[in-house]
Structures are given as C-alpha cells and as structure tokens.
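Trainee: I'd like to ask some things about the structure below.
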Amino acid sequence: MIAHTTERILQTVLVLLAISFIAFLLVATLGDPLTSLLPPDASIADRQDLIMRLGLDEPLLTRFLHFLNGMLHGDFGISYRTQDDIGPMIATRLPATIELAFASLLVTLFVGVPLGILCGVRPNGIISRGVMLVSIAGITLPNFVVGVLLIAIFSVHLGWFPSFGRGDTVQIGGWTTGLLTLSGWRAIILPAITLAAFQVTFVIRMLRTQLLEVGQSEHIRFARARGLSERRIWSTYAMRNALLPTITMLALQLGNVIAFSVVTEGVFAWPGIGSLFLQSIQAADVPVIAIYLIFVGAIFMIINLVVELIYPLVDPRLKRSGA
Amino acid sequence: MSEPVLKVRDLSVVLERNGRDFPVLDGVTFDIAPGEVLGLVGESGAGKSMTGIAIIDLLVPPLRRTSGTIALSGERLDQLSAKRMRRVRGKRIGFVFQDPMTSLNPVLSIGRQLTDTMRRHLPLTRGEARERAIAWLTRVGLANPPRVFAAAPHELSGGQRQRIVIALALCAEPDLLIADEPTTALDVSVQAHMLTLLRELHEETGTAMMLITHDLGVIAKMADRVAVFYAGRVIETAPTGRLIGAPLHPYTAGLMQATPAPDADGAMRVRAIPGAMPGIGALPPGCAFHPRCERAQAICREERPPLADAGGHDAACYFPLVEEVVS
Ligand SMILES: Nc1ncnc2c1ncn2[C@@H]1O[C@H](COP(=O)(O)OP(=O)(O)OP(=O)(O)O)[C@@H](O)[C@H]1O
Ligand SMILES: [Mg+2]
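As given, the protein sequences belong to chains A and B, one line each in that order. Residue numbers for the first sequence follow my numbering, beginning at 6 and rising by one. Residue numbers for the second sequence follow my numbering, beginning at 767 and rising by one.
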C-alpha cells in the first residue's frame, strides 16, 4: 500500500516535470523576449543586460533548471504583455477561479447527486423522466451556449443577476472574496450554474445508470430477502457500489471541466485565471500561457492522484491487493 | 396434527409479455411441517426458484402472482402489507440464493452485512451484534471468525462465501429456511460439506427447510418429503423414501433414470427423457408431460390430470406407474 502510494506520487512528479519541460520549451522557442520586453529604442547595453538577467546566454538544460528552481521559489517569470511577475498575477486571480469552481461543485453536489439518486431509484417516476429529458440539453448544449442563454434570460430579460464580473469583493489577507457581499453572491450564481451544467447532467446520468444496474444485482436481491429497509438498501448497499464508477468517470471529466472554466470565465468576464489565459493567448504572452499549462497540469494530476488514493476507502476490493 | 410452518395453496404466477399473461406457476400446492425438510426438484425452468421468490413476495415485473394463499404458521403472507412483509423476510423466512459469488455485497465487510441484518430484526447493540456475528461465523464452520468478520467478500473462497450466505439467512433465527440450489455453484468436494452443514444447522435449530435442487442425490440425502415440479406445476409429492423407491409419475421415474448411477456391471448409465420441457407460453393442452410420455393416452392430451390426494403420496397422472406393478 505504502509502496504503491509512493510509486504513484513519483509518477505524478515525473509527469509534472515533463509538462514543465514542454512548457519551458514553449517559452524558450516561441516569441522573442527581447523585442517583447525592451522598448524599440533600447541600447545594446540594455539588451545585454536583459540577456544576462533572463539567462538567455546559457545552455537550454541549465535554463530549464533555473526555470524549475525559480518556480520552486515562487518565481514564475515575467509576462511579455504587462512585464509584471507572473506569480502575483496568477495569485490575484486565483481566488476568483477557486470560488467559481467551488460554487459549481456545490451546485453539482446539491443538484446532481440527489437528482441522480432519484432517477436511479425511481426511474419511471414523472420527475425522473422530466429530469432525464432536460439533462439531454445539459449534455448536448455547448457550455458557452448555456452561459449566453442564462445571461439572455436572467440578466437581460429578467434583470435578476449581473451578466459579467464578480460584484463587490472583500480583501482578507491575500485573498479577495466575492462571497461576503450580496452583489458577489448574485454575480457568481450564473457562472456557477453554467460551469456546473455539464457536471450536473453527467453525475445524474452516471448515478442513474449505476444505481439501475446495481439495483438489479443479486446481492441487492439478497439484501431485500433479508428484510433490510429500502432506505438502507439504497443509501448504503447500492450507493457504495454506484459511487466508485461515478467518481472515476467524474475525475476523468476533469479536463473538460478545466476547459469549460476557461469558456465560462470568458463568457462572464470572470476575473479568474481562465480569462487571464484567454488574454494571454490573444497577446501571444507565451510565459503566462506556459505557467497556466503547468498549473492546470498540476491540478489535474493532483486531483487524479487523490481520487486514486481514496479509492480503497470506498472499495475494500482495492485495499489489500496493493496493485 | 400440528399447524404447518408453511402452507401454499393454488399459487399461480404469470409472466406478462406484450400485454399477455403466460403462466409460470400454475396451482402450486404444498405444506411444510415444523422441522421438516421439503425438497423441490425438477428440471431447469420448472419454476422452483419462482416458487421461493413468490413466497417471500419478491417477484418483480414482468412476473406477478395472480392467485394463491401462502400461510406462515397460520398467518396469511399474501395479505400482508409491504412493510409487514419486510419484517417477515430475514426474520421469519431466511433465503439462501444459488450463487455465493454474487450474493454478497462486494464493497461491504462480512461483519457489516451480518450485523446490519441482525440489528434490523433483533434488539441488539452494536457490540452484541458483533459478538453474535462472530458466533455465527464460528457456527457455520469458518476458521478465524474475527478475520472473516473484517474481511471483504473478494478475500474469501466460494465455499466460505456460501457459509456466510447461510449465516446471513439464519442469523435472525427464522422459522423457515428456503435454500435455492445452495450447492450448485460450488465444486463437488465443497458441496458435500455444505450439505452436512445445512443438515447440522437444521437439526440444531429445528428450522423447517425448503430445499430447491435439481439433484435427486441431494434430495435423498437431505429431504423428508419431496415435491416434483414440471412446467410450473407440482406433479408428484411424497415422502422421500417412497418417491425414490416407487415413483408414481412417469416423469419422476424418468428423472431418476436420468440421474447417473452405476448399474449391475458398475458402469455409469444415464437414460435421458427424450424431448424437452415445454417453455413458457408453449404448454400443450392436457398433461404438460404427455408429448414426452410413453404411457400417454387420448385423455392425457385433452385433460389436465389433477394432483390426486392419495394420502401422502400424490401424483398428477391418469396412468401412474404403481398400477402397472399391481396388475
Ligand atoms: N424475469 C423473467 N423473465 C422471463 N422469464 C422468466 C423470468 N424469470 C423467470 N423466468 C422463467 O420462469 C420459468 C421458471 O423459472 P425458475 O427460475 O423458477 O426455474 P427453476 O426451476 O428455478 O430452474 P433452475 O433450475 O434453472 O434454477 C423459467 O422458464 C424461466 O425462464
Ligand atoms: Mg432456480
């Protein structure tokens, strides 16, 4: 078990190194930092100075090691577009993205899971049929269409929620939060729903399929034959079995969710790292793009790792096998 | 005579297909006396499992009970509410399913499944339930009960799992145990152990038992009385010794010849009954067995023979075998 854990952590670190190297190659080969960073009338001495400062005269591998070392010490390089340090740039935008992700997770849990259970336990009920019908829209409509539709209805037509930004924010230490003001809450609702739309429908469909399948299984029939209550049978005996594939599939969808968060932030002008990424692409701001890729890669890998390491807690079949 | 533990009268179950009902069980009738072991025997698809499932009211669409009374120690189960019925399942009727590999919940520990079941029916604290669970694991002959208690099903062999399934079915101390082919999925060496265990538990607890099997050898070893099923009907019922010694129904006789047994030279002989049992919706008129029967006459093709009440050894046949012996 411990050997397995260490091995998986090592694998994760290796993949992250590979991602970092590719991102680094992007920075090293695409665009010219000198023309991006220096004013057109810069002197030779200025150029020389910048080359020294960025270490451009050194071999590629040394530069990569510097790059890694910098990242470990919180130095993520300089944006070509604004000439600011990338670290603080991301740090100021991170709270907006995290709060949005968190809000959409809450929507997923509190809407997707109960509806998924309902559809799995009572597949022929009126509500279940309605939910399944609506969920087709959630699967097929592209994310930005959902966002634009919500804006058209709830911002433009009804005027209930703002269509862009995150409302008033409050600064707490290094964290700016929109969750302490009324306008902040109103601003996060539409983007959170937009971002959650896919996950919610996904969770509903997964849970439904899984519960329907488990509900037919022999061990559930045996549990019924032992007189266990329906509540106990669904909540423990069936759910435990249905949860694992659902978590797995959801974790595999994480890439989609990250992509959708960029789209959602774009649609709602949400000041998070997704919209920073979009701006950087438009400005060919390669260092920021590179750091964003590394960052997203790290989140992706870490969540996958965590999901994998908590499996044995849900499924005893994986506990002692050690493989 | 004391009240039977289980009294089934005229039980009929249909399968609904394209808006039409096809009979799966038709007028099934039998009793099980306190402490008695009744064997249900018959070919695959004869309706043995269906009978068991119908008794504990777990039929799911497209299957449905259409008639019949089921009484457990005089109490009519067919009239109970769903809620009261859940108190009967597990508590008063234990059920052992055929396949131990799929009967246990794969993600819950053995201990959890046992204690949940006991605490559902008996007023036990967590600690008491645990103690009893361990006692049951010991009782069904498992080595190292505390380890098994904490184990997940996948860590155990088929034989061990079937012992656990039996413990699960008996742990709330039911009056009746229905065991549906409890040994078919196990390999031969384990089968004998399992039958011995069932026999022992039956003798210790005095629980009445309905043992479903298609193996007459198992019947001979375990059952006090037998009901032979054919195409959803009971076609012969008798005390085990009399049925095996002198079967009345030609089908029962055929079934016995189809069971491998050494003949005078020590060679194994099997004589299968020609033809196949009619499937659902393909029942011929008259006696369901007549197309395969050497003794069939005109009346067999037209009229269905009733299960004649002949004092403990009854057969649904117009031309039972014994007559031949007598004449
Ligand atoms: N859900 C179902 N849908 C269609 N037919 C079914 C269903 N369940 C059972 N049957 C049919 O009902 C009949 C009786 O089945 P049952 O399981 O009681 O047979 P059995 O005597 O237990 O046979 P086996 O020895 O194979 O277990 C069979 O013909 C079977 O095909
Ligand atoms: Mg069966």
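For each residue, glycine too, the CB sits at the ideal point set by N, CA and C.
With distance defined between alpha-carbon atoms, name the residue in A/Gln-258, A/Ala-289 and A/Tyr-297 nearest to A/Ile-144.
Mentor: Of the listed residues, the one whose Cα sits closest to A/Ile-144 is A/Gln-258.
Trainee: Considering only the beta carbon of each residue, do A/Ala-96 and A/Ser-266 sit closer than 9 Å?
Mentor: For A/Ala-96 and A/Ser-266, no; Cβs fall outside 9 Å.
Trainee: Suppose you measure from the CA of A/Pro-250 to the CA of A/Leu-123; what does that come to, to the nearest Å?
Mentor: 18 Å
Trainee: Tell me, please, whether the CB atom of B/Leu-870 is closer than 9 Å to any CB atom in chain A?
Mentor: yes
Trainee: Tell me, please, whether the CB atom of A/Phe-203 is closer than 9 Å to any CB atom in chain B?
Mentor: no
Trainee: Within the continuous beta strand (DSSP E) that includes B/Lys-773, where are the two ends?
Mentor: From DSSP, the beta strand (DSSP E) with B/Lys-773 extends over 772 to 783.
Trainee: So is A/Arg-213 buried or exposed if we call it buried at 16+ other beta carbons inside 10 Å?
Mentor: buried
Trainee: Do the CB positions of A/Gly-82 and A/Ala-289 come within less than 9 Å of each other?
Mentor: no
Trainee: Out of A/Ile-194, A/Asp-62, A/Arg-58 and A/Ile-158, which has the shortest C-alpha to C-alpha gap to A/Glu-270?
Mentor: A/Ile-194
Trainee: Figure out for me which residue from A/Ile-7, A/Val-32 and A/Leu-70 has the closest Cα to the Cα of A/Leu-22.
Mentor: A/Leu-70
Trainee: Let me confirm a value: B/Pro-919 is counted as buried when at least 16 other C-beta atoms fall within 10 Å, else exposed. Which label applies?
Mentor: buried
Trainee: Rounded to whole angstroms, what is the Cα-Cα separation between A/Thr-11 and A/Leu-310?
Mentor: 11 Å
Trainee: Please say whether A/Arg-245 and B/Gly-856 have beta carbons closer to each other than 9 Å?
Mentor: no
Trainee: Ligand 1 heavy atoms versus the CB of B/Val-790: any closer than 8 Å?
Mentor: It does: the Cβ of B/Val-790 is within 8 Å (strictly closer) of some heavy atom of ligand 1.
Trainee: B/Thr-883 versus chain A: which residues are under 8 Å apart at the beta carbon?
Mentor: Arg-231, Gly-232 and Leu-233
Trainee: Identify every residue that forms a DSSP beta bridge with A/Thr-181.
Mentor: DSSP output for A/Thr-181 lists A/Gln-176 as bridge partner(s).
Trainee: Is there a Cβ from chain A that is less than 9 Å from the Cβ of B/Phe-915?
Mentor: no
Trainee: Taking the alpha-carbon positions, what's the B/Arg-786 to A/Ala-197 distance?
Mentor: 50 Å
Trainee: Does ligand 1 have a heavy atom nearer than 8 Å to the CB of A/Glu-218?
Mentor: no
Trainee: So, does the CB of A/Thr-253 fall closer than 9 Å to a CB anywhere in chain B?
Mentor: It does not: the Cβ of A/Thr-253 has no partner Cβ on chain B nearer than 9 Å.
Trainee: Identify each residue in the segment 293 to 323 of chain A for which the Cβ-Cβ distance to at least one residue of chain B is less than 9 Å, and report them in chain order.
Mentor: Val-319, Asp-320, Pro-321 and Arg-322
Trainee: Please list, in chain order, the chain A residues whose beta carbon lies closer than 8 Å to that of B/Asp-865.
Mentor: Glu-223
Trainee: So A/Asn-148 contacts chain B; which residues on that side make the cut at Cβ distance below 7 Å?
Mentor: None at all; the shortest Cβ gap to chain B is about 34 Å.
Trainee: In angstroms, rounded to a whole number, what distance separates the CA positions of A/Gly-92 and B/Ala-899?
Mentor: 59 Å
Trainee: For B/Gln-864, is the beta carbon positioned less than 8 Å from some heavy atom of ligand 3?
Mentor: In the structure shown, ligand 3 is absent; the only ligands present are ligand 1 and ligand 2.
Trainee: Using a Cβ cut-off of 9 Å, which residues of the segment 1065 to 1088 of chain B contact any Cβ in chain A, in chain order?
Mentor: Listed in sequence order: no entries.
Trainee: Residues of chain B with a CB under 8 Å from the CB of A/Asn-246: which are they?
Mentor: Asn-871, Pro-872 and Val-873
Trainee: Does DSSP classify A/Ala-106 as helix, strand or coil?
Mentor: helix
Trainee: Which bits of chain A does B/Leu-888 rub up against, with CB to CB less than 7 Å?
Mentor: In chain order: nothing, as chain A lies at least about 11 Å away.
Trainee: Going by Cα to Cα distance, which pick from A/Phe-282, A/Arg-237, A/Gly-79 and A/Ile-304 is closest to B/Gln-879?
Mentor: A/Arg-237
Trainee: With the cut-off set at 9 Å, would you say B/Leu-777 and B/Gly-818 are in Cβ contact?
Mentor: no
Trainee: Along the segment 273 to 292 of chain A, what residues have a CB closer than 7 Å to any CB found in chain B?
Mentor: Answer set for the segment 273 to 292 of chain A: empty.
Trainee: When DSSP labels each residue in this structure, what does A/Tyr-242 get in the three-state scheme?
Mentor: helix
Trainee: Closer than 9 Å, CB to CB, is A/Gly-327 near chain B or not?
Mentor: The predicted position of A/Gly-327 is uncertain, since its pLDDT is 41 and thus under 50; a value taken from the coordinates is nonetheless stated next. Output row for A/Gly-327: interface = no.
Trainee: State the beta-bridge partners of A/Ala-192 as determined by DSSP.
Mentor: Its beta-bridge partners do not exist; DSSP assigns none.
Trainee: So A/Leu-184 and A/Glu-104 are in contact, right, with Cβ under 8 Å, and what is the actual spacing, rounded?
Mentor: 6 Å
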